[in-house]
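Peer 1: Have a look at the structure that comes next, please.
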Amino acid sequence: MTKEKFFERNKNLVNRFVRGRLAKTGRTVHGTRATNVQLPKFLGRKPTVDWDVFAKNPKKAAINMERFLDKKFKGDFFDVREGKTKRLKVHKVFSNVTGETQVDFSVPDRKVPTISKRNVRFATLKDQVEKAKSNLKDPTKLFRAEKDRSLVMRVKRFEMLRMKKIT
Numbered sequence: 004m005t006k007e008k009f010f011e012r013n014k015n016l017v018n019r020f021v022r023g024r025l026a027k028t029g030r031t032v033h034g035t036r037a038t039n040v041q042l043p044k045f046l047g048r049k050p051t052v053d054w055d056v057f058a059k060n061p062k063k064a065a066i067n068m069e070r071f072l073d074k075k076f077k078g079d080f081f082d083v084r085e086g087k088t089k090r091l092k093v094h095k096v097f098s099n100v101t102g103e104t105q106v107d108f109s110v111p112d113r114k115v116p117t118i119s120k121r122n123v124r125f126a127t128l129k130d131q132v133e134k135a136k137s138n139l140k141d142p143t144k145l146f147r148a149e150k151d152r153s154l155v156m157r158v159k160r161f162e163m164l165r166m167k168k169i170t
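Numbering of the sequence shown is given in our numbering, commencing with residue 4 and proceeding in unit increments.
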């Protein structure tokens, strides 16, 4: 069996392996995955492929995750690359087969409050919305405006349904 066929057949295992590893290490997941976990499915969850994770040492965490995934897949299926961002040091674990990013590791720029779901720590919805609102006010982050506006609107709908304010 070729490497491509093997990876395509077992692609869905990546999320399970990453979730298990994050539960063990206690790192914080943020971004779309954290939002999707806390909002109900009918509020139009955004599909996401990669995991955004905060780590004190992102390079070391990315290398460890890459080794872990390679060991689980019994071959050289993953690699680590430094991300191209100006503000944050981001290290990405990506698939050698498809070229897709699987996990992004970055250093948190603030203290992030968390909640735990199935032993994995996620950034709170309140923190995500506050960050989105501050991004909407910042003219240098116009490229994120659509994502952030969508998040704020979905959370407002969620608050109206629950009759309880999150933010």
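Idealized CB from N, CA, C, for every residue including glycine.
When the Cα atoms are used, what is the spatial distance from ARG12 to ASN18?
Peer 2: What you label residue 12 is simply residue 9 of the sequence shown in a count that begins at 1. What you label residue 18 is simply residue 15 of the sequence shown in a count that begins at 1. Distance between the alpha carbons of ARG12 and ASN18 is about 14 Å.
Peer 1: Output the boundary residues of the beta strand (DSSP E) element that contains ARG84.
Peer 2: On the sequence shown, residue 84 is found 81 positions in, with the first residue counted as 1. Start and end: 81-85.
Peer 1: In the DSSP assignment, find the alpha helix (DSSP H) that holds LYS134 and state where it starts and stops.
Peer 2: If you number the sequence shown from 1, residue 134 lands on position 131. Segment 128-140, the alpha helix (DSSP H) holding LYS134.
Peer 1: At a cut of 8 Å, does the segment 90-105 reach the segment 137-144 through at least three beta carbon pairs?
Peer 2: No, the segment 90-105 is not in contact with the segment 137-144.
Peer 1: Compare the Cα-Cα distances from PHE125 to each of ALA65, PHE10 and LEU25 and report the closest residue.
Peer 2: As a working note, residue 125 is residue 122 in the sequence shown. Comparing Cα-Cα distances from PHE125 to each of ALA65, PHE10 and LEU25, the minimum goes to LEU25.
Peer 1: Can you confirm whether the segment 154-170 touches the segment 41-58 when touching is taken to mean that 3 or more C-beta pairs between the two stretches lie within less than 8 Å?
Peer 2: A contact exists between the segment 41-58 and the segment 154-170.
Peer 1: In chain order, what residues of the same chain have a beta carbon less than 6 Å from the beta carbon of GLY34, not counting five sequence neighbours either side?
Peer 2: Here residue 34 corresponds to residue number 31 of the sequence shown, with the count starting at 1. Hits under 6 Å: ASP55.
Peer 1: With a threshold of 16 other CB atoms inside 10 Å of the CB of ARG119, please say whether the residue is buried or exposed.
Peer 2: The sequence position of residue 119 within the sequence shown is 116, counting from 1. According to the sequence shown, residue 119 is Ser rather than Arg. With fewer than 16 other Cβ atoms within 10 Å, it is exposed.
Peer 1: So, helix, strand or coil for LYS75, using DSSP?
Peer 2: Walking along the sequence shown from the start, residue 75 turns up at place 72. LYS75 falls in the helix class under three-state DSSP.
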